[in-house]
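S.K.: The opening residue of the first sequence carries number 28 in my numbering; numbering runs sequentially from there. One structure is given below, represented as structure tokens, and several questions about it will come after.
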Amino acid sequence: MNFTQLQKSLREKVEETAKNVFNVELENISAEIPPRTELGDLAFPVAFELAKQIKQQTGEKQNPRNIAEQIKTALEANEFVEKVEVAGAGYLNVFYNRAKFLSEGLTAEVLPKLNLSNKLESPKICIEHTSVNPNKAAHIGHVRNSVLGDTFVRISRADGNRVEVQNYIDNTGVQVADVVVGFIYLLEMKLDDIKNLDTELKEKAGNFDYYCWDLYARVGQEYAVNEELKAKRAKVLHLIEEGKNETSELADYVATRNVECILQTMERLGIRYDLLPRESEILHLQFWAKAFELMKNLGVIRLESEGKNAGCWVMPFDSHTANEDHEADKILVRSNGTVTYTGKDIAYQLWKLGELGMDFYYKLFSTYADGKEVWVTTDEPQEIPKTFAAQPPPFGHGEMVYNVIDTRQAYPQEVVKKGVSLISPEKGERASHHLSYEMVALSPEAAAELGFQISDEDKSKSFIEMSGRKGLGVKADDLITRLETNALAEVEKRHSELTLDEKNSIAHQIAVGALRYFLLKFTRNTVVVFDFKEALAFEGETGVFCQYSSVRANSIFKKLDETDLETAIKTISENHSEIAEILSGEDEVWALIALASRLEETISHAVAATEPAILAKYTFGLAKAFNLFYHNHKILSEENPSKKSLLIVTADLTRRSLTAALDTLGIEVPERM
RNA sequence: GCUCUCGUAGCUCAGUUGGAUAGAGCGAACGCCUCCUAAGCGUUAGGUCGCAGGUUCAAUUCCUGCCGAGAGCACCA
Numbered sequence: 028m029n030f031t032q033l034q035k036s037l038r039e040k041v042e043e044t045a046k047n048v049f050n051v052e053l054e055n056i057s058a059e060i061p062p063r064t065e066l067g068d069l070a071f072p073v074a075f076e077l078a079k080q081i082k083q084q085t086g087e088k089q090n091p092r093n094i095a096e097q098i099k100t101a102l103e104a105n106e107f108v109e110k111v112e113v114a115g116a117g118y119l120n121v122f123y124n125r126a127k128f129l130s131e132g133l134t135a136e137v138l139p140k141l142n143l144s145n146k147l148e149s150p151k152i153c154i155e156h157t158s159v160n161p162n163k164a165a166h167i168g169h170v171r172n173s174v175l176g177d178t179f180v181r182i183s184r185a186d187g188n189r190v191e192v193q194n195y196i197d198n199t200g201v202q203v204a205d206v207v208v209g210f211i212y213l214l215e216m217k218l219d220d221i222k223n224l225d226t227e228l229k230e231k232a233g234n235f236d237y238y239c240w241d242l243y244a245r246v247g248q249e250y251a252v253n254e255e256l257k258a259k260r261a262k263v264l265h266l267i268e269e270g271k272n273e274t275s276e277l278a279d280y281v282a283t284r285n286v287e288c289i290l291q292t293m294e295r296l297g298i299r300y301d302l303l304p305r306e307s308e309i310l311h312l313q314f315w316a317k318a319f320e321l322m323k324n325l326g327v328i329r330l331e332s333e334g335k336n337a338g339c340w341v342m343p344f345d346s347h348t349a350n351e352d353h354e355a356d357k358i359l360v361r362s363n364g365t366v367t368y369t370g371k372d373i374a375y376q377l378w379k380l381g382e383l384g385m386d387f388y389y390k391l392f393s394t395y396a397d398g399k400e401v402w403v404t405t406d407e408p409q410e411i412p413k414t415f416a417a418q419p420p421p422f423g424h425g426e427m428v429y430n431v432i433d434t435r436q437a438y439p440q441e442v443v444k445k446g447v448s449l450i451s452p453e454k455g456e457r458a459s460h461h462l463s464y465e466m467v468a469l470s471p472e473a474a475a476e477l478g479f480q481i482s483d484e485d486k487s488k489s490f491i492e493m494s495g496r497k498g499l500g501v502k503a504d505d506l507i508t509r510l511e512t513n514a515l516a517e518v519e520k521r522h523s524e525l526t527l528d529e530k531n532s533i534a535h536q537i538a539v540g541a542l543r544y545f546l547l548k549f550t551r552n553t554v555v556v557f558d559f560k561e562a563l564a565f566e567g568e569t570g571v572f573c574q575y576s577s578v579r580a581n582s583i584f585k586k587l588d589e590t591d592l593e594t595a596i597k598t599i600s601e602n603h604s605e606i607a608e609i610l611s612g613e614d615e616v617w618a619l620i621a622l623a624s625r626l627e628e629t630i631s632h633a634v635a636a637t638e639p640a641i642l643a644k645y646t647f648g649l650a651k652a653f654n655l656f657y658h659n660h661k662i663l664s665e666e667n668p669s670k671k672s673l674l675i676v677t678a679d680l681t682r683r684s685l686t687a688a689l690d691t692l693g694i695e696v697p698e699r700m
């Protein structure tokens, strides 16, 4: 019996009692954690609602406190319940049997559902995140997407789901075309020149994606003054979409190299992928044609014969009202016969849900250091010898699909969902989720620090939007490196005796902890105004604080003998009454045990609310509670053996929970700090 | 014009099926390293939860209006 299970059974008991005693059917009654430990471990403010319902049904007026008294008796029958108090106007405050819980929780796994995540019978969900246009280096805004997505992946797995991670590669869009225009027309380079440049950059420890970052910004500037160059863009874009020509080969090289660079950046943050679906295949394999056929056969789209959309295939979209500027209907096929982005996206979403009725071909893209494979889509059947280890796993067919895309795409995402629903009504509505989040903008100070001139208009704003086209943004690799450098200096101060490798490794873990937590502590719909001072902080509400608490907890166990934990567990289970006695006077210790026991429940909450910040806040709270415990109780020098055992077991439970929570946030616990 | 999101301490933010005395971090002032790591702990100061109504036993939370901020509404992706 863990916290989650007990809560469920108590809740059922309340519902049962309401039905049997008062003849009232209650659904999803709320159970809450009382504001203070003195008020118990679980509270049901259910008597108020019951009093109301009874009055409605029978006209009889009942005092909420009397109602609560009757439920109280039913709840106290549970062996894990120590007592129930009726408090205030009619709250039911449940106090758990502390000692019984502790002995039960001693050896229990903190995340029991995690092992379900690689079982075939577990529900499969597809999560798309990152999806950076492969024409430049990733910036901090992309990192928010990836960290949010990756953390949601980890949370979903911890909640028992089988997860497939997709990183969509828009390798045939205008953004790639712009960089290609730069290479061909501004730099007058051919594919071989670019390959040579790439080699040169590698020798100078420069990055191909950084080079493209600057080139992209330069092309943007040129477009403003050079109409001729701008005219080349459409031509280049067309050649790239068509494929199998010199320009498309060059574009493919550029896009693929950028994808490799971005994957490396994300690997630094512990973010990995299973599949890279590319737009080129969605085009060449005619995914849209299939979706188009499905929609036409079902009669859910129509060809406009007159009006301003004449000649276009449109999808009715009545949730938005038409006005003078905009039609309510959404164009999927232009009057020239080409498909819009939305059309392609509907086809892709159908594939993710296993509802399109066709599939990509796949080949191996790369292998991570530990052997994990990343696959990429391709438009030709691949001959992979059966003896070869790498066979593509079955991709797509998600029971649920989450798209991590910024909130500015809310409207197109809504259209996609609607489109899918037209073809597959029940699945489209239920299974498609837009996991939206607000952008990362720059504080005026941060923009100035990056060396950008701030216009008077921007100065009056509280934040400045980043822009790849202007080259305005904090590059992910720069920030990670800066965090690592700062962390290394701190490690150096404290542990100069370590080897450089050890110090670097710790500094890296700290940098990742700081950055991931910084991006996760904000809820999704909060605009993150990036400020260097805040992002580089290692104190206060940071990932580093949480890591430090874990390291402290671990250091206790380094100083204990290996058998001490076992002995403590034995002592606890053998001296039940004595432990109960001690615990009854140690609210703070019990509060920590209770909090540490709520990881599973917190993760379920975070999944249900699709909000990773819930777990981040919980982790920080747990770390803080542990630090307080650490400060108030000296474990190694405790003389009472029962008390010492209690403290050891509490510290062990907390560190296991804290480590698991941090792991779910993608943050490692260093050996020392 | 229409749609969506937001307004909580000096600053940055939590508060997610309506519940008990609205919480953190930073910043400010003052304490704590003979003692398991001070990347830590404690104390103090700081709030008409934008404004006005409504629903409710109960509203920061739900509804309406107003004020203010941001985003979105292409035969662009």
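Positions of the beta carbon are idealized from the N, C-alpha and C atoms, including for glycine.
Which residue wins for smallest C-alpha separation from Tyr368, given the options Val201, Ala70, Ser470, Asn253?
M.R.: Start at 1 with the first residue of the first sequence, and residue 368 comes out as number 341. Selected option, being the one with the closest Cα: Val201.
S.K.: When the Cα of Lys335 is compared with those of Ser158, Ser144, Asp356, which residue comes out closest?
M.R.: Counting from 1 along the first sequence, the entry for residue 335 is found at position 308. Comparing Cα positions, the closest option is Asp356.
S.K.: Grab the span of the alpha helix (DSSP H) containing Glu306 for me, first residue to last.
M.R.: If you number the first sequence from 1, residue 306 lands on position 279. Residues 306 to 311.
S.K.: Answer with buried or exposed for Lys560, where buried requires no fewer than 16 other C-beta atoms within 10 angstroms of its C-beta.
M.R.: Here the question's residue 560 lines up with position 533 in the first sequence. Lys560 should be labelled exposed.
S.K.: Using 10 angstroms around the beta-carbon of Pro304, count the other beta-carbons present and answer buried if the total reaches 16, otherwise exposed.
M.R.: Position 277 of the first sequence, counted from the first residue, corresponds to residue 304. It is buried - the Cβ of Pro304 has at least 16 other Cβ atoms within 10 Å.
S.K.: Rounded to the nearest angstrom, how far is the Cβ of Gly425 from that of Ile182, given a contact under 8 Å?
M.R.: Stepping through the first sequence from its first residue, residue 425 is reached at position 398. Stepping through the first sequence from its first residue, residue 182 is reached at position 155. Gly425 to Ile182, Cβ: 16 Å. No contact.
S.K.: Write down every uninterrupted run of the alpha helix (DSSP H) in the region 602 to 671 whose length is 4 residues or greater and which is fully enclosed by it, in chain order.
M.R.: With a minimum length of 4 residues, the continuous alpha helix (DSSP H) runs that stay inside the region 602 to 671 are 603 to 611, 614 to 623, 626 to 635, 640 to 659.
S.K.: Please classify Tyr645: is it buried, with 16 or more other beta-carbons within 10 angstroms of its beta-carbon, or exposed?
M.R.: In the first sequence, counting from the first residue as 1, residue 645 sits at position 618. Answer is buried; the Cβ neighbour count reaches 16.
S.K.: Could you check the C-alpha separation between Ala437 and His156 for me, to the nearest Å?
M.R.: Your numbering for residue 437 matches position 410 in the first sequence. Your numbering for residue 156 matches position 129 in the first sequence. Using only the alpha carbons, I get a separation of about 15 Å.
S.K.: To test your reading of the DSSP string, which unbroken alpha helix (DSSP H) runs of 4 or more residues are found completely within the region 520 to 579?
M.R.: Entirely contained in the region 520 to 579, the alpha helix (DSSP H) runs reaching 4 residues are, in chain order, 527 to 547, 559 to 562.
S.K.: What three-state label does DSSP hand Thr134 in the structure shown?
M.R.: Taking the first residue of the first sequence as 1, we reach residue 134 at position 107. Three-state DSSP puts Thr134 in coil, outside helix and strand.
S.K.: Between the Cα of Ile309 and those of Ser362, Tyr388, Val281, spot the shortest distance and give me the residue it belongs to.
M.R.: The sequence position of residue 309 within the first sequence is 282, counting from 1. Nearest C-alpha to Ile309: Tyr388.
S.K.: Quick one: measure Cβ to Cβ for Ala396 and Ala164, integer angstroms, because I've assumed they're closer than 8 Å.
M.R.: Position 369 of the first sequence, counted from the start, is the residue given in the question as residue 396. Position 137 of the first sequence, counted from the start, is the residue given in the question as residue 164. That belief does not hold up - the Cβ atoms of Ala396 and Ala164 are roughly 22 Å apart, past 8 Å.
S.K.: For Val518, collect the residues of the same chain with a Cβ closer than 8 Å to its Cβ; drop the 5 residues on either side in sequence, then sort them by chain order.
M.R.: As a first step, residue 518 is located in the first sequence; it is residue number 491 there, counting from the start. Closer than 8 Å at Cβ, skipping near neighbours: Leu525, Lys530, Ile533, Ala534, Ile537, Met700.
S.K.: One question on the structure: do Gly187 and Leu147 come within less than 8 Å of each other, judged by their Cβ atoms?
M.R.: If you number the first sequence from 1, residue 187 lands on position 160. If you number the first sequence from 1, residue 147 lands on position 120. Not in contact: Gly187 and Leu147 (Cβ atoms no closer than 8 Å).
S.K.: Who are Lys502's beta bridge partners in DSSP?
M.R.: Locating residue 502 in the first sequence gives position 475, counting from the first residue. Its beta-bridge partners are His166.
S.K.: Give the single residue among Ala244, Lys371, Asp505 whose Cα lies nearest to the Cα of Ile289.
M.R.: In the first sequence, the residue the question calls residue 289 occupies position 262. With distances taken between Cα atoms, Ile289 lies closest to Asp505.
S.K.: Quick one: residues in its chain with C-beta nearer than 6 Å to the C-beta of Thr292, no 5 flanking neighbours on either side, listed in chain order?
M.R.: Counting from one through the first sequence, the residue named residue 292 turns up at place 265. Excluding residues within five positions, the ones whose Cβ falls inside 6 Å are Ala165, Ala503, Asp504.
S.K.: Residue ranges of each alpha helix (DSSP H) run of no fewer than 4 residues wholly in the region 201 to 262, ordered along the chain?
M.R.: List check, alpha helix (DSSP H) in window: 201 to 208, 218 to 230, 235 to 252.
S.K.: Taking buried to mean at least 16 other C-beta atoms within 10 Å of its own C-beta, is Val252 buried or exposed?
M.R.: As a working note, residue 252 is residue 225 in the first sequence. Exposed: under 16 other Cβ atoms inside 10 Å.
S.K.: What are the residues that DSSP puts in a beta bridge with Ile491?
M.R.: Working through the first sequence from its first residue, we reach residue 491 at position 464. Note: Ile491 sits in a beta bridge opposite Leu469.
S.K.: Using CA atoms only, rank isn't needed, just tell me which of Gly423, Lys497, His460 is closest to Glu441.
M.R.: Along the first sequence, one-based indexing puts residue 441 at 414. Comparing Cα-Cα distances from Glu441 to each of Gly423, Lys497, His460, the minimum goes to His460.
S.K.: Indicate whether Met342 and Val327 have their beta-carbon atoms separated by less than 8 Å.
M.R.: As a working mapping, residue 342 is identified with position 315 in the first sequence. As a working mapping, residue 327 is identified with position 300 in the first sequence. Cβ distance < 8 Å, so Met342 and Val327 count as in contact.
S.K.: What does a CB cutoff of less than 8 Å around Thr553 pick up in its chain, not counting 5 residues either side in sequence?
M.R.: On the first sequence, position 526 is the one that residue 553 refers to. Here the set comprises Glu465.
S.K.: So is His660 buried or exposed if we call it buried at 16+ other beta carbons inside 10 Å?
M.R.: Position 633 of the first sequence holds residue 660. With 16 or more Cβ atoms within 10 Å of its Cβ, His660 is classed as buried.
S.K.: So, are the CB atoms of Phe235 and Leu242 less than 8 Å apart?
M.R.: In the first sequence, the residue the question calls residue 235 occupies position 208. In the first sequence, the residue the question calls residue 242 occupies position 215. Not closer than 8 Å, so no.
S.K.: Among Lys217, Asn145, Ala204, whose alpha-carbon lies nearest the alpha-carbon of Arg184?
M.R.: Counted from its first residue, the first sequence places residue 184 at position 157. The residue with the shortest Cα to Cα distance from Arg184 is Asn145.
S.K.: Look up Asp696 in the DSSP assignment and say whether it is helix, strand or coil.
M.R.: Here residue 696 refers to the residue found at position 669 when the first sequence is read from its first residue. The question names Asp, but residue 696 is Val in the sequence shown. Coil at Val696, not helix or strand.
S.K.: Would you mind working out which of Leu462, Arg92, Tyr195, Val616 sits nearest Glu65, comparing C-alpha positions?
M.R.: On the first sequence, residue 65 is found 38 positions in, with the first residue counted as 1. Ranking Leu462, Arg92, Tyr195, Val616 by Cα distance to Glu65 puts Val616 first.
S.K.: Go through the region 91 to 125 residue by residue and report every complete run of the alpha helix (DSSP H) that reaches 4 residues or more, in order.
M.R.: DSSP runs (the alpha helix (DSSP H)) wholly in the region 91 to 125: 91 to 103.
S.K.: With three or more beta-carbon pairs closer than 8 Å as the criterion, would you say the region 96 to 114 touches the region 578 to 586?
M.R.: The answer is no - the region 578 to 586 does not touch the region 96 to 114, with fewer than three Cβ pairs under 8 Å.
S.K.: Rounded to whole angstroms, what's the CA-CA distance from Lys488 to Val467? Just pull it up for me.
M.R.: Residue 488 sits at position 461 when you count from the first residue of the first sequence. Residue 467 sits at position 440 when you count from the first residue of the first sequence. Distance between the alpha carbons of Lys488 and Val467: 14 Å.
S.K.: Which residues mark the beginning and the end of the alpha helix (DSSP H) in which Ile16 is found?
M.R.: The requested residue 16 does not occur in the structure, where the chain is confined to residues 28 to 700.
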